[in-house]
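There are 2 protein chains.
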Amino acid sequence: MRIGELAARAGTTTRTLRYYESRGLLPARRGDNGYRTYDEEDLKLLRQIRTLQDFGFDLEETRPFVECLRAGHPEGDSCPASLVVYRRKLAELDTLIEQLTSVRAQVAAQLTRAEAAVPGGPEPKCELGGHG
Amino acid sequence: MRIGELAARAGTTTRTLRYYESRGLLPARRGDNGYRTYDEEDLKLLRQIRTLQDFGFDLEETRPFVECLRAGHPEGDSCPASLVVYRRKLAELDTLIEQLTSVRAQVAAQLTRAEAAVPGGPEPKCELGGHG
DNA sequence: GTAAGCCTTGACGCGGACGTCAAGGCAAGA
DNA sequence: TCTTGCCTTGACGTCCGCGTCAAGGCTTAC
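Listed in order, the protein sequences are those of chains W and L. According to the numbering used here, the residues represented by the first sequence are 316 to 447, in order. According to the numbering used here, the residues represented by the second sequence are 316 to 447, in order.
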């Protein structure tokens, strides 16, 4: 399998694959013509990376998962190092969600306060017969 | 008041103030020597910007608030345009918090699943006598 | 042979809010 | 006068995950 096919099968681009290779995350063998060559195993690694990226993991944070798979384990998170990343990410998410929730509350309070003072601002939101 | 003093009083840097000016957000008068000159009103504008920035507002999103103050209103959110930004930001925050919460749940599920399979992974979290 | 469609490397662009020099002007105290 | 410390503009660097050319080589079909 060449780079274009792998990219298509993983729903990404060739540019992305070359970038991963430049980071040492997904190295490729080369054919006689210099073309990159991949196999089904690489597709599995790539899908692991993409899944974590979609979760908002930094590229570096996916490395333990990739190495875990490459070491022969059935899943990318079958290794302690991957679990460490999971736990750290959970903590980060908790902190972030907490902060955002706090900000949301403050902004909501400001909006409520300001709406009461601006003419035409407070859009009438009836408590009766509403759909929200 | 010159740029250094204003920056210090607002807890920011001169670089930041020059950046705001380059964006047309906080223009400055100039003295005979070419130095930027600010007054108490500018400090108020700057504090409004900083507060919103701390909330995660983009710089452009602070513009209506600044213009509102500059128009003579008592608060930056005393104008309809500011309220529009508030509401949009609230919607963004809700979406973001929702997404992050979803991701958090998925990561937590993965962690739980993986911990059950990795030797040394599942740190014993007793249900009895805990403090969590 | 030639056009199309893959592939290669190299390198600059992007977005956002600044940080960090660099080279020089101005002001005030000793 | 000299030093110190403020100020000026200009311009490149940072972070991250790529996007987007550019210039050229390989392969395949016709």
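C-beta: ideal position from N, C-alpha, C; glycine also.
Relative to the alpha-carbon of residue i, which residue among the options has its alpha-carbon at the smallest distance?
i: Arg333/W; options: Asn348/W, Thr352/W, Asp347/W; result: Thr352/W
i: Leu361/L; options: Gln425/L, Arg324/L, Glu430/L; result: Arg324/L
i: Leu384/L; options: Arg365/L, Glu356/L, Ser417/L; result: Glu356/L
i: Pro395/W; options: Gly319/L, Gly326/L, Thr427/L; result: Thr427/L
i: Arg344/W; options: Ser397/W, Thr327/W, Met316/W; result: Met316/W
i: Ala431/W; options: Glu390/L, Glu336/L, Arg378/L, Gln414/L; result: Glu390/L
i: Phe380/L; options: Asp369/L, Val400/L, Phe370/L; result: Val400/L
i: Ser397/W; options: Gly346/W, Gln363/W, Asp409/W, Gly319/W; result: Gln363/W
Just the chain L side, please: which residues come within less than 8 Å of residue i by C-beta, in chain order?
i: Val418/W; result: Phe370, Gly371, Leu408
For residue i, which residues in chain L fall below 7 Å Cβ to Cβ?
i: Lys404/W; result: Val422
Does residue i have its Cβ less than 8 Å from a Cβ in chain L?
i: Ile412/W; result: yes
i: Gln270/W; result: No statement about residue 270/W is possible, as the shown extent of chain W runs from 316 to 447 and does not include it.
i: Leu398/W; result: yes
i: Glu488/W; result: Here chain W has residues from 316 to 447 only, and residue 488/W is not among them.
i: Leu332/W; result: no
For residue i, which of helix, strand or coil comes out of DSSP?
i: Arg345/W; result: strand
i: Thr352/W; result: strand
i: Gly436/W; result: The predicted model places Gly436/W with a pLDDT of 43, which falls under 50 and marks its position as unreliable; any figure quoted below should be read in that light. The answer is coil: DSSP assigns Gly436/W none of H, G, I, E or B.
i: Ala386/L; result: coil
i: Gly319/W; result: helix
i: Ala431/L; result: coil
i: Ser397/L; result: helix
i: Asp357/W; result: helix
i: Thr327/W; result: coil
Since residue i meets chain L, which of its residues come closer than 9 Å, beta carbon to beta carbon?
i: Tyr353/W; result: Within chain L, no residue comes near Tyr353/W; the closest Cβ sits about 26 Å away, beyond 9 Å.
i: Leu415/W; result: Gly371, Leu408, Leu411, Ile412, Leu415
For residue i, which residues in chain W fall below 8 Å Cβ to Cβ?
i: Tyr401/L; result: Val422, Gln425, Leu426, Ala429
Meets three-Cβ-pair contact criterion under 8 Å: the region 362–377 of chain W and the region 334–342 of chain W: Inter-segment contact for the region 362–377 of chain W and the region 334–342 of chain W is present: three or more beta-carbon pairs are separated by less than 8 Å.
Stretch pair the region 406–421 of chain L + the region 405–416 of chain W: three plus CB contacts closer than 8 Å: Touching, per the Cβ criterion.
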